[in-house]
Amino acid sequence: MKFISWNVNGLRAVVKHGFEDTFKQLNADFFCVQETKMQEGQLKLELPGYHQYFNYAERKGYSGTAIFTKHEPLNVMYGIESDEFDHEGRAITLEYPNYYLVTSYVPNSGAGLKRLDFRMGWDKAFHQYLNKLDEKKPVILCGDLNVAHKEIDLKNPQSNHHNAGFTDEERESFTKLLSEGFMDTFRHFYPDQKDIYSWWSYRFHSRDRNAGWRIDYFVASDRLADNIKDSKILTDVFGSDHCLVELDTGEIS
Numbered sequence: 030m031k032f033i034s035w036n037v038n039g040l041r042a043v044v045k046h047g048f049e050d051t052f053k054q055l056n057a058d059f060f061c062v063q064e065t066k067m068q069e070g071q072l073k074l075e076l077p078g079y080h081q082y083f084n085y086a087e088r089k090g091y092s093g094t095a096i097f098t099k100h101e102p103l104n105v106m107y108g109i110e111s112d113e114f115d116h117e118g119r120a121i122t123l124e125y126p127n128y129y130l131v132t133s134y135v136p137n138s139g140a141g142l143k144r145l146d147f148r149m150g151w152d153k154a155f156h157q158y159l160n161k162l163d164e165k166k167p168v169i170l171c172g173d174l175n176v177a178h179k180e181i182d183l184k185n186p187q188s189n190h191h192n193a194g195f196t197d198e199e200r201e202s203f204t205k206l207l208s209e210g211f212m213d214t215f216r217h218f219y220p221d222q223k224d225i226y227s228w229w230s231y232r233f234h235s236r237d238r239n240a241g242w243r244i245d246y247f248v249a250s251d252r253l254a255d256n257i258k259d260s261k262i263l264t265d266v267f268g269s270d271h272c273l274v275e276l277d278t279g280e281i282s
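The structure is reproduced here in structure tokens:
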């Protein structure tokens, strides 16, 4: 099966620049989208053969997630079971007989780390939610997780050490999640690959210079290791300040 995840930085905008062509070419089983920046009724996508699920933020033009899938789920859950965090449309979970698929747009800690406390609160609640799911069935998590885990995961680690997405707190939180029975699937296959990123600032011609960050992930329960065939970063797809990431698996039984 093919899983795709993409922070589109505005779904309505990217639809005007070839999203549906990219969608058809990839022909994924699951296509997960973050930062849709839209409200219900603002966009109608014709995607034959796909079920569509959206989680909208209460604040207009902000955050939001979506999943398009060929496989009808047993159950759909919106949010992470937290009144404190579920007003921003940041997560969708699809339940299948043998696994859960979760997509998430994790909060950015912001300029000056003004939302770092909110972010760390999110991480605690979200990781509890993931572990609760994992007690029942293995989990595949994808999305913009807004953390570059290690120095290899961004071009300029020294100058960004205390910036949002590369603080000690965020990195340690992600390390803790992985220690609880989850794996970063890209590093599972490519532990030492350098200069491979999924997000580039629109400023300073960052993408042309490949001065980026790897903050988009597929994370999976460790016990799915034998089912996973590859984890990829599709740097040749444009339309957003993020590129797509892909997970290829066998049937999960």
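What the sequence shown shows, in this note's numbering, is residues 30 to 282, in sequence order.
Just so it is clear, CB atoms sit at the ideal spot from N, CA and C, and this is done for glycine as well.
Contact between the stretch 182-193 and the stretch 139-148 is present: three or more C-beta pairs spanning the two stretches fall below 8 Å. Beta-carbon to beta-carbon, Phe59 and Thr98 are separated by about 5 Å, close enough to satisfy the 8 Å threshold.
Beta-bridge partners of Ile281 (DSSP): none assigned. By the Cβ-count criterion, His100 is exposed, with fewer than 16 other Cβ atoms from all chains shown falling within 10 Å of its own Cβ.
Counting along the chain, Asp50 sits inside no beta strand (DSSP E); it lies in the alpha helix (DSSP H) bounded by residues Phe48 to Leu55.
When secondary structure is reduced to three states using DSSP, Val248 falls in the strand class.
Take Gly78, set aside five residues on each side of it, and the residues of its chain with a beta-carbon closer than 8 Å to its own are Lys99, in chain order. Judged by DSSP secondary structure, Asn160 falls within the alpha helix (DSSP H) whose first and last residues are Leu145 to Asp163. In this structure, Lys261 places its C-beta atom within 8 Å of the C-beta atom of Glu275. For Thr122, the enclosing beta strand (DSSP E) stretches over residues Ala120 to Tyr125. In this structure, Ser250 and Phe211 form a Cβ contact; the two beta carbons are roughly 6 Å apart against a cut-off of 8 Å. Taken atom to atom, the span from the alpha-carbon of His271 to that of Asn189 is near 18 Å. In this structure, Val135 is the residue among Gln157, Val135 and Glu75 with its C-alpha nearest to the C-alpha of Arg148. Going by C-alpha positions, Asn239 is about 33 Å away from Ala154. Boundaries for His217: no beta strand (DSSP E) harbours it, while the alpha helix (DSSP H) harbouring it runs Thr214 to Phe218, taken from the DSSP string. The Cβ-Cβ distance between Tyr125 and Leu103 falls below 8 Å. With contacts defined by Cβ atoms closer than 8 Å, Arg243 and Ala177 form a contacting pair. In this structure, Pro186 sits away from Tyr128, with a CB-CB distance that is not shorter than 8 Å. Distances from the alpha-carbon of Ser269 to those of Lys53, Gly47 and Phe32 put Gly47 closest.
Straight-line spacing of the CA atoms in Leu183 and Pro220 works out to 14 Å.
The beta carbon of Val43 lies closer than 8 Å to those of Val37, Gly268 and Ser269 in the same chain, with the five residues before and after it left out. If you check the CB distance, Val131 and Leu170 come in under 8 Å. For the options Asp237, Leu55, Arg88 and Gln222, the alpha carbon positioned closest to that of His116 is the one of Arg88. The DSSP assignment places complete beta strand (DSSP E) segments of no fewer than 3 residues inside the stretch 43-106 at 59-63, 80-84 and 94-98, in order along the chain. Annotated three-state conformation of Thr204 is helix, per DSSP. If you draw a straight line from the Cα of Gly279 to the Cα of Leu253, it is about 10 Å long.
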